[in-house]
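Enquirer:
Residue numbers (the numbering used here): 13 to 249.
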């Protein structure tokens with residue numbers, strides 16, 4: 013199982029939100045590249061990036077930081093946050109990002125998801141954020157009409173290879189991850205599943221690894237010192 017340490021970007025800084033609430037933002041580091049280099053030194057091979065400003069307005073205000081991380085480390089980078097056009101996908105891929113995560117736009121516009129997968133194949137991942145059993149959109153501020161499984165089935169038919177699933181109620185809360193959810197996803201779908209939200213301990217990592225998940229994202233737990241990345245990588249093996 014691959015460990016994806018995460019950096020959430022806002023105003024070119026590394027930040028974290030509590031349960032997706034922009035009003036509850038903590039700035040962890042003014043220099044995201046130094047954080048990425050620390051991940052690399054700890055043995056990480058992959059990194060999960062989110063542009064929180066982009067998630068709100070569909071632009072790429074942190075692309076310089078993203079480019080720096082990609083080009084000054086050896087990390088495979090995936091990024092999400094407000095990616096709503098083929099042009100934006102192209103922009104990220106052109107600076108060396110390995111995988112682009114589609115969220116709101118893919119949920120509200122199936123043809124966009126289809127065109128993206130047809131054009132870029134496995135470089136496209138689908139981010140599925142769950143709130144009360146439904147898929148949340150627009151930076152978690154609205155609920156879509158889709159249930160989790162309706163969207164997962166659709167994604168599998170379209171040919172999406174990677175699914176990043178976040179239980180919003182667990183995100184940043186340090187209360188453990190939703191093991192039942194990921195166990196069910198792993199059993200039901202032939203897609204690479206990445207667990208996101210609430211991965212708080214090495215026990216969580218071990219449990220997810222035993223489900224044969226493709227990956228797990230570690231965010232807040234790293235920043236507050238609850239999980240050491242090199243230990244997580246060892247457990248994930």
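Every residue, glycine too, gets a C-beta built ideally from N, C-alpha and C.
Note down the Cα distance separating residue 245 from residue 233, rounded to an integer number of angstroms.
Expert: Here residue 245 refers to the residue found at position 233 of the chain shown. Here residue 233 refers to the residue found at position 221 of the chain shown. Looking at the two C-alpha atoms, the distance is approximately 14 Å.
Enquirer: Assuming residue 160 contacts residue 167 (C-beta within less than 8 Å), just tell me the rounded distance between them.
Expert: For this step, residue 160 is matched to residue 148 along the chain shown. For this step, residue 167 is matched to residue 155 along the chain shown. That pair is no contact at about 11 Å.
Enquirer: Using 8 Å as the threshold, is the stretch 45-52 in touch with the stretch 77-89, meaning 3 or more CB pairs across them?
Expert: yes
Enquirer: Enumerated in chain order, which unbroken segments of the beta strand (DSSP E) with a length of 3 residues or greater are wholly contained in the stretch 70-101?
Expert: 88-92
Enquirer: Do residue 14 and residue 194 come within 8 Å of each other at the CB atom, strictly closer than that value?
Expert: Walking along the chain shown from the start, residue 194 turns up at place 182. Walking along the chain shown from the start, residue 14 turns up at place 2. No; because the gap between Cβ atoms is not below 8 Å, this pair is not in contact.
Enquirer: Counting along the chain, where does the beta strand (DSSP E) carrying residue 158 start and finish?
Expert: Position 146 of the chain shown, counted from the start, is the residue given in the question as residue 158. From DSSP, the beta strand (DSSP E) with residue 158 extends over 154-159.
Enquirer: In three-state terms, what does DSSP make of residue 119?
Expert: Translated into the one-based positions of the chain shown, residue 119 becomes position 107. Looking at residue 119 - three-state DSSP - the assignment turns out to be helix.
Enquirer: Which residue from 248, 212, 229, 221 puts its Cα closest to that of residue 236?
Expert: As a first step, residue 236 must be located in the chain shown, where it is residue number 224. It is 212 whose Cα lies nearest to the Cα of residue 236.
Enquirer: Closest by CA to residue 65, which one among 134, 222, 133, 28?
Expert: Locating residue 65 in the chain shown gives position 53, where the first residue counts as 1. Considering only alpha carbons, the answer is 28.
Enquirer: Using 8 Å as the Cβ pair cut-off and three pairs as the minimum, do the stretch 69-81 and the stretch 31-40 touch?
Expert: no
Enquirer: From which residue to which residue does the alpha helix (DSSP H) around residue 217 run?
Expert: Start at 1 with the first residue of the chain shown, and residue 217 comes out as number 205. Looking at the DSSP string, the run of the alpha helix (DSSP H) that includes residue 217 is 214-222.
Enquirer: Whole angstroms are fine: how far does the CA of residue 129 sit from the CA of residue 30?
Expert: In the chain shown, residue 30 corresponds to position 18, counting from 1. In the chain shown, residue 129 corresponds to position 117, counting from 1. Rounded to whole angstroms, residue 30 to residue 129 spans 31 Å at the Cα level.
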